[in-house]
Every structure is written in C-alpha cells, then in structure tokens.
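Here our numbering is used: the first residue of the sequence shown is 10, the next is one more, and so on. In this text, a Cβ means the ideal position worked out from N, Cα and C, and glycines have one as well. Being a predicted model, the structure only gives us computed values, none of them experimental.
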Amino acid sequence: MEPTLTTPAVDRRTVASLFSRLRTRKGQSNPLPLYAELRDLGDIFPSPWGGHLITSYALCDEVMRSRTWRVPDTQWRTSQGNVARWNRPASLQTAKSLPMLNPPHHTRVRRSAGKMFDRTTLTEIKESIARNTEEVLDRFEKELLGGSADFTSLVADELPVMSIGQWMGLPPSDYALLRSLTNDQTLSQEFFPTPSQLARADAAAHGLQEYFTELVRERRRAPGNDPVSSWIATWDTLEPDREKADAEAHSMAVFVIVAALETTEHLLSSMVRLLLEHPEQLDRLRAHPQYVPHVVDETLRYDPAIHAISRIAPHDTTLGDTLVREGEMVQLMVGAAQHDPRQYAAPETFDVRRKPPHFGFGSGIHYCLGAPLARLEGKLLLTSMLKRMPRLRISESLPWEPRVSFRRLNRLTVSAA
C-alpha cells in the first residue's frame, strides 16, 4: 500500500521569513534562536522553494546513514529546470566532486583516493603541521604586540592552506590565490545565491579549473612523490582513456583543496571564538587540557562549517510521517539538528567536556576523508595556544557573511585581556 501523503500545517511565509532573517549578518551572528523556531515547526515540513526541510537529529541521521538516499549529482542537476541555480559552471564543478557522487561511481572514486589521511600519513605530516602552527602563531603573537590582531586572517585562514598545500606539493606563492578561489566557489552551494554571488562562484570555478588542469598536466609530465601524481597513476590503471583519467585526478584535486580550506578555516576560528565567548569553559580547558580533542568535536556540533546538507529521495519514501516523492530534495538543517534537545542535554550550552556525535564531517558513505587532518590541525593549534598565548578577548564586533549553508566569519579581532 502506498504511504499516505501528509502535509504538515506550516505556513510557507513563516518559513521564508525565518530564512530571510537567517541569511542576514544579524541572523548569522546568533542563528540558534532561529533554529529553535525552525524546530518548533516540525521534524520535517515542506520548503517554500520545493522539497522538504528536516530539523530533527534523528531524521538527519537516518537520511545521512542511508545507502539509498542520493546526493544531487550531475544527472540530477542537469535535469532541473532552474538553469541559473543548478547548471552554472560552479554548481556542475561541485557535482563532479567526491561528496556529490552516487554509487557506483562514488565507490570507485573513493577507493581510488586510497587511505588519504590514515595513521601513517598523519605521522609523516604531523611534524610539518606543528611547524606551520608555530609559524602562524609567531606572526599572530607579533601582531598582538601592536594592540590587536585578526585571528581569522593570520591563523585560521593560513594554517589549512599551508598544511594541504605542502601535502599536495603546491607552491606557497599560490596559497593566497587558492584560498580566495575556494572561498568564492562555495557560494554556489548557498540556499539563495544572488546573481553576483553566482558570478563570483563561476569565476572561481573557472580559476580552479585552469589551475588544476595545468597542475595535472605538469605532474603527468614530471611525476613526483605527491598525492596528485599518485592519483594520476591510480587512474591510469582504472581508466584506459588518458583524458578521462586526467579528469578524475583533476576532480579529486579540486575537491581536496575546496574541502580542506573552507571548512577547516571555520573550525579553527569558531573553536577560538567559542572559547573566548565562554571564558568559564576556557578556564576549565586550561585546568584540564585533556579536553582539547573534545573541543574540536563540540565546536563541530555547536557551530559546524556547513549548516545545511542536501539529499535526494531515491524513490517515494516515508520519512517520519511525511511522504517524500522520488527525485525530491530534502535539506538537512544540521545546524538546527545539532541543537535538538532530544539528542543533547542542554544543547545551547558550549561544554568542553562534551564529546558529542555530530555531522561536522558528514556521515555514512560520504564521511569526510579529510576529517583526521582537520582534527590534527585543531588539536595542534589549540594545544599550542594554551601553552604560549596570553589571555585574549574579542575586541571588535564579529562581521559574518550573510549566508545560510556555509558559515563564514570574515574577521576575529582579538587583543590581550
């Protein structure tokens, strides 16, 4: 028997108003009250722009762990009527990346990546990341002598690109360009990208395309002991067509740089911001530094880099008490779900002792390959800051980007307390 279609009694204008408020700088400065209002509307309810919104932890977890729910891949995007939204260059570039692939292609590409950041690799690169950490903190500490310093630009934006850039064998002179391109490219993944944001995203996608096409060409001509050369060699054994093999290596390189920068930048700045906003928790951490790994996970729960994740129903599916039709999109509002009081005790409290489950690195078959690297960067940075940094305070208001899906703090200006 076909499940009964239910339509929760939710006023679409109310939902649209909530998202209008959420995407402002004021809404981004503290989205938690707006997420509470969203959760009050139900665990799953119709979205004003089609499909459904999901706010409960349990339903988000069910969908993300499922092996049947799909991601919006190239085939799905090109079938949509909204050309301006789904068929722009940046959107289609994203669709070629590992997180936007469905089995069996996803399975093949993920296997080709190998054990990207396994224990052996992390041991090999830990020393260089520790050096990078001390280098960026040296610059940050020197800037503090002048009265104040921007933690975001001096530390949170620098450490991830240095770490991933050295691992991939990229010239340091290219780091600033890659950081700028990745930040702009993610604009295509926003809920309501403006025409100017889409134009920036498309220009960034073109820049990344050019950069990594040339990089793959160089590494094929002169292979080295680096992951890009390894991906090329792997795909040569999997794909007889050299052009297709190079395209796969190219897509992997673009995915790694975009994923490694934007999300880790936010993790580092958010981790420090939350500790400064909760001085009692910072004092607890200073007294109990063994909680440092917990802080990384609690940050990813309390304020992850990505607050909304898309999935596509593989067939007519009952989710909760709602029928989701085949091909319909659901937006998993993980920023709201990770404050679901049915999942967490005192979810609005930032607690360094908590080691919570979260979706900060995804879940299921799409769990982030770079999670071990991000954890390592977060732990090394925080451990060093606790040892060498004076007590800090936030000295300027926080300028948030007016986004919904990807959180972005433009500056975290601090001074010695």
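Original post:
Between the beta-carbon of Lys-388 and the beta-carbon of Asp-306, is there less than 8 Å?
Top reply: no
Subject >> At least three beta-carbon pairs within less than 8 Å, the stretch 307 to 327 to the stretch 357 to 371 >> reply: yes
Subject >> CB of Ile-321 within 8 Å of CB of Arg-79, strictly >> reply: yes
**OP:** Quick one: which unbroken alpha helix (DSSP H) runs of 4-plus residues sit fully inside the stretch 90 to 156? Chain order, please.
**Re:** 92 to 95, 98 to 104, 114 to 122, 128 to 153
Original post:
Just curious, the alpha helix (DSSP H) that Ile-241 is in, first and last residue?
Top reply: 236 to 247
Original post:
Can the beta-carbon of Leu-131 be found less than 8 Å from the beta-carbon of Val-118?
Top reply: no
Original post:
Applying the criterion that 16 or more other CB atoms from any shown protein chain within 10 Å of the CB defines a buried residue, is Glu-227 buried or exposed?
Top reply: exposed
Original post:
Would you say Glu-143 and Ser-393 are within 8 Å of each other, going by their C-beta atoms?
Top reply: yes
**OP:** Quick one: using the 10 Å Cβ neighbour count with 16 as the cut-off for buried, is Asp-250 buried or exposed?
**Re:** exposed
Original post:
Considering only residues of the same chain and omitting the five flanking positions on each side of Tyr-66, which have a CB-CB separation below 6 Å?
Top reply: Ala-346, Asp-349, Gln-352
Original post:
Across which residues does DSSP place Asp-159 in a beta bridge pair?
Top reply: Thr-422
**OP:** Give me the Cβ distance between Asp-211 and Ala-99, rounded to the nearest whole Å; I'm assuming they're in contact under 8 Å.
**Re:** 5 Å
Original post:
Would you say Trp-240 and Ser-121 are within 8 Å of each other, going by their C-beta atoms?
Top reply: yes
Original post:
Quick one, which of Leu-146, Ser-75, Ser-88, Arg-148 has its alpha-carbon nearest Pro-112's?
Top reply: Ser-75
Subject >> Sequence-distant residues of its chain with Cβ nearer than 6 Å to Met-125 (five each side left out) >> reply: Leu-378
Original post:
Which residues does DSSP pair with Leu-332 in a beta bridge?
Top reply: Thr-327
Original post:
With a Cβ-Cβ cutoff of 8 Å, do Leu-285 and Val-423 count as a contact?
Top reply: yes
**OP:** Go ahead and label Leu-154 buried or exposed: buried means 16 or more other beta carbons lie within 10 angstroms of its beta carbon, across all protein chains shown.
**Re:** exposed
Subject >> Environment of Ser-260 [buried if 16+ CB atoms lie within 10 Å] >> reply: buried
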